[in-house]
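In the working numbering, the protein residues as written are 1 to 285.
Virtual Cβ for every residue (Gly too), placed ideally from N, Cα, C.
The structure displayed is predicted, hence computed values, not measured ones.
Have a look at the structure below before the remarks.
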Ligand SMILES: NC(=O)c1ccc[n+]([C@@H]2O[C@H](COP(=O)([O-])OP(=O)(O)OC[C@H]3O[C@@H](n4cnc5c(N)ncnc54)[C@H](OP(=O)(O)O)[C@@H]3O)[C@@H](O)[C@H]2O)c1
């Protein structure tokens with residue numbers, strides 16, 4: 001029986017991944033920093049209370065683990081957290097690590113997030129581990145962060161113009177992660193995960209409007225306006241990083257559609273309309 005440790009088990013991808021692994025009959029250890037309230041973590045999972053910044057707790061969480069889903073929230077310390085966790089996994093004789101990176105990770109990128117993800121990928125390549133890298137594109141679920149503005153004002157604003165992005169549903173990322181954590185044949189692979197089509201934010205606004213039955217309009221924001229809207233909501237480093245991300249999207253660098261999701265899952269990737277229907281209540285439907 002394989003034991004899988006899932007970091008960010010209560011997060012966007014992790015919370016979808018834990019039940020998928022449990023469904024496959026594997027032993028799932030869900031990592032979280034505090035004992036979760038009932039119902040937060042799938043009841044079939046073991047809970048490991050551990051912190052990525054606390055080596056002792058992480059070492060205990062990795063004890064007896066065969067495969068690790070390695071992910072952290074985006075932060076200024078994410079690369080250090082991931083490198084430390086990977087080193088501890090190698091020391092604990094974990095066989096396989098599935099790393100959550102980002103589409104177009106590149107140490108020479110002008111986008112800070114893409115630079116640090118690439119640095120972690122390179123480090124993992126030096127360790128005695130079977131590594132599978134997942135490089136997802138922008139999450140469709142990221143639109144949920146601006147659901148309050150969509151509900152209240154009927155607008156979806158971003159500095160993106162009519163650039164297309166092959167946004168991906170986090171449920172597909174989790175499904176791919178479950179497959180490559182448990183099935184052989186992916187060691188050394190770098191899988192780019194996208195949705196089935198490259199879509200504009202105007203199309204995203206229309207899909208949400210169709211799902212909710214209320215009008216939603218896309219507003220192309222200047223970078224300065226976008227930064228002003230986020231000021232006080234997000235820290236400065238994250239706003240700067242998002243501006244770099246959006247410049248990358250505007251250059252059309254995140255528009256390609258990759259076949260990895262349908263090839264690995266044996267079904268089409270979830271699309272924008274399915275995402276909007278699934279989350280219509282959050283958007284006011
Ligand atoms: N957003 C996008 O469009 C996008 C696109 C491509 C790649 N990515 C990458 O995706 C990653 C984020 O994935 P995600 O959104 O699924 O994660 P997430 O939801 O932001 O992860 C949040 C979880 O992390 C856990 N956590 C926070 N600090 C921790 C710590 N010190 N130790 C242990 N656990 C901790 C929390 O668990 P507890 O509170 O339960 O402890 C929380 O549930 C980032 O690396 C980002 O660069 C994002």
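1) In the DSSP output, what is residue 73 paired with across the bridge?
2) With a threshold of 6 Å (Cβ to nearest heavy atom), would residue 12 be considered close to ligand 1?
3) Any idea what DSSP makes of residue 20, helix, strand or coil?
4) Using only the alpha-carbon positions, how far apart do residue 67 and residue 74 sit?
5) Looking only at its own chain, which residues have a Cβ that is under 7 Å from the Cβ of residue 89, when we skip the five neighbours before and after it?
6) Leaving aside the five residues before and after residue 31 along the sequence, list all residues of the same chain whose C-beta is less than 7 Å from its C-beta, in chain order.
7) Please return the same chain residues whose Cβ sits closer than 6 Å to the Cβ of residue 225, not counting the five positions on each side in sequence.
8) Mind pulling the alpha helix (DSSP H) runs of 4 or more residues that sit fully within the stretch 99-172?
9) Among the candidates 217, 78, 194, whose CA atom is the shortest distance from the CA of residue 134?
10) State the CB to CB distance for the pair residue 99 and residue 120, rounded to an integer number of angstroms; the pair is presumed to be in contact (CB under 8 Å).
11) Spell out the partners DSSP gives residue 46 in its beta bridges.
12) Going by DSSP, which residues form a beta bridge with residue 214?
13) For residue 263 and residue 179, what's the separation of their Cα atoms in angstroms?
Reading it off the structure:
1) Position 73 of the chain shown, counting from 1, holds the residue named residue 73. For residue 73, which the question treats as bridged, DSSP gives no partner whatsoever.
2) Stepping through the chain shown from its first residue, residue 12 is reached at position 12. Yes; taking the cut-off as 6 Å, the Cβ of residue 12 has a heavy atom of ligand 1 nearer than that.
3) The residue labelled residue 20 in the question sits at position 20 within the chain shown. Correct three-state label for residue 20: helix.
4) On the chain shown, residue 67 is found 67 positions in, with the first residue counted as 1. On the chain shown, residue 74 is found 74 positions in, with the first residue counted as 1. Rounded to whole angstroms, residue 67 to residue 74 spans 22 Å at the Cα level.
5) Sequence index remark: in the chain shown, residue 89 carries index 89 (1-based). Listed in chain order, the non-local C-beta contacts of residue 89 below 7 Å within the same chain comprise 62, 68, 97, 129, local neighbours out to five positions each way being set aside.
6) Position 31 of the chain shown, counting from 1, holds the residue named residue 31. Excluding sequence neighbours, residue 31 sits near 5, 6, 7, 9, 48, 50, 61.
7) In the chain shown, the residue the question calls residue 225 occupies position 225. There are no such residues.
8) 112-124, 147-153
9) The sequence position of residue 134 within the chain shown is 134, counting from 1. Closest option to residue 134, Cα to Cα, is 194.
10) What you label residue 99 is simply residue 99 of the chain shown in a count that begins at 1. What you label residue 120 is simply residue 120 of the chain shown in a count that begins at 1. Yes, they are in contact, since the Cβ atoms of residue 99 and residue 120 sit about 7 Å apart, within 8 Å.
11) For the purposes of this step, residue 46 is identified with residue 46 of the chain shown, where counting begins at 1. For residue 46, which the question treats as bridged, DSSP gives the partners 29.
12) On the chain shown, residue 214 is found 214 positions in, with the first residue counted as 1. Per DSSP, none; premise fails for residue 214.
13) In the chain shown, residue 263 corresponds to position 263, counting from 1. In the chain shown, residue 179 corresponds to position 179, counting from 1. Cα to Cα, residue 263 sits roughly 11 Å from residue 179.
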